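According to my numbering, the sequence shown holds residues 9 to 42 in order.
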Amino acid sequence: MKYSTGSAPFCVAVGDFNNDTRQDIVVANADDNT
9 MKYSTGSAPF
19 CVAVGDFNND
29 TRQDIVVANA
39 DDNT
């Protein structure tokens, strides 16, 4: 799988963040202040 992450991804987290029993992927991007 390929996902767009922006121009400066620096941190990735995986977990069930919305409690739907499926794994979610979160990427923090330094250039977008996220």
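We put the CB at the ideal spot given by N, CA and C, even for glycine. Owing to the predicted nature of the structure, the values given are computational and were not obtained by experimental measurement.
When rounded, the separation of the alpha-carbon atoms in Ala16 and Asp32 is 20 angstroms. Beta-carbon to beta-carbon, Ala36 and Phe18 are separated by about 6 angstroms, close enough to satisfy the 8 angstroms threshold. Just so you know, the alpha carbons of Thr29 and Asp39 end up roughly 31 angstroms apart.
DSSP, reduced to helix, strand and coil, places Ala16 outside both helices and strands of the structure shown, so it counts as coil. Annotation: the continuous beta strand (DSSP E) that includes Ala36 extends over Asp32 to Asn37.
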